[in-house]
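Residue numbers (the numbering used here): -10 to 233.
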């Protein structure tokens, strides 16, 4: 069986400018002056196989490269070197609500965001009631999104993403979305994905959630995998390193 995700010798380098030019005037005045940059290595020589049906955790401190790795899997970033192959369709629970338009109603944003995530209008029509029910926003769907609280917006974005029928789900800190009741719904979604044998990659600082869901976990540190394997062993290793 082919891996759902196969990564070989993958590295990612960002070029960070030394000076910031925010305005058109600054760009015109300094048009001929070269902007000096330095390289920041976000990921280094990553090798990883994720099999179909695996629930894989990615843990590590802030800045260790977790979100960058997910974004490369989602084809948002391109690797600087190395290879990545994806076998299946992807639903990214990354920057929830990307593409939302505050001047449109919540209902219109369901269609806008659904299309961005790859759904057809007919598919959104079929899933619309389920999305609204999951987000628990029946009374607010004709309201402009800019009048929503941030929590309401995230609930709507999560509900849309949860209705995507994909092979691989890429999730970045999504279990902390919304209030307690909504978090219970979110946990239920991931339990269902696990029962259905979907492939899930979960980035989270919630180590209890990682231990509860993930059969395999990788620990990233300064862009490198320092340990991978059984979740309990990797989490214990991470906690020991954090305490030392």
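For each residue, glycine too, the CB sits at the ideal point set by N, CA and C.
| Residue from 37, 136, 1 and 6 whose Cα sits closest to the Cα of residue 206 | Relative to the Cα of residue 206, the nearest Cα in the group 37, 136, 1 and 6 belongs to 37.
| task | Could you say if the region 214 to 224 and the region 30 to 47 meet the contact criterion of at least three C-beta pairs nearer than 8 Å? | result | In short, these stretches touch, since the Cβ pair count reaches three.
| request: Check whether the Cβ atoms of residue -1 and residue 71 lie closer than 7 Å to each other. | output: Annotated as proximal: residue -1 and residue 71, with beta-carbon spacing under 7 Å.
| message | What residue range does the alpha helix (DSSP H) around residue 229 cover? | response | First-last of the alpha helix (DSSP H) with residue 229: 220 to 232.
| query | Assuming residue 163 contacts residue 89 under a Cβ cut-off of 8 Å, what Cβ separation, rounded to an integer in Å, is found between them? | reply | Residue 163 to residue 89, Cβ: 16 Å. No contact.
| query | Since residue 34 is in the beta strand (DSSP E), which residue starts that stretch and which ends it? | reply | Segment 26 to 39, the beta strand (DSSP E) holding residue 34.
| query | What's the gap between the Cα of residue 231 and the Cα of residue 54? | reply | Approximately 17 Å, taken between the alpha carbons.
| query | Looking at the structure shown, is residue 208 part of a helix, part of a strand, or coil, going by DSSP? | reply | Residue 208 falls in the strand class under three-state DSSP.
| query | Comparing alpha-carbon positions, which option in 67, 190 and -3 lies nearest residue 35? | reply | Of the listed residues, the one whose Cα sits closest to residue 35 is -3.
| query | Helix or strand or just coil, what does DSSP make of residue 96? | reply | The three-state secondary structure of residue 96, taken from DSSP, is helix.
| message | Using C-beta distances below 7 Å, list every residue in its chain close to residue 150, excluding the 5 sequence neighbours before and after it, in chain order. | response | Once the five neighbours on either side are set aside, the close Cβ partners of residue 150 are 80, 82, 85 and 106.
| field | Nonlocal neighbours in the same chain, by C-beta distance under 7 Å from residue 120, ignoring five residues either side | value | Cβ within range, chain order: 99, 148, 149 and 152.
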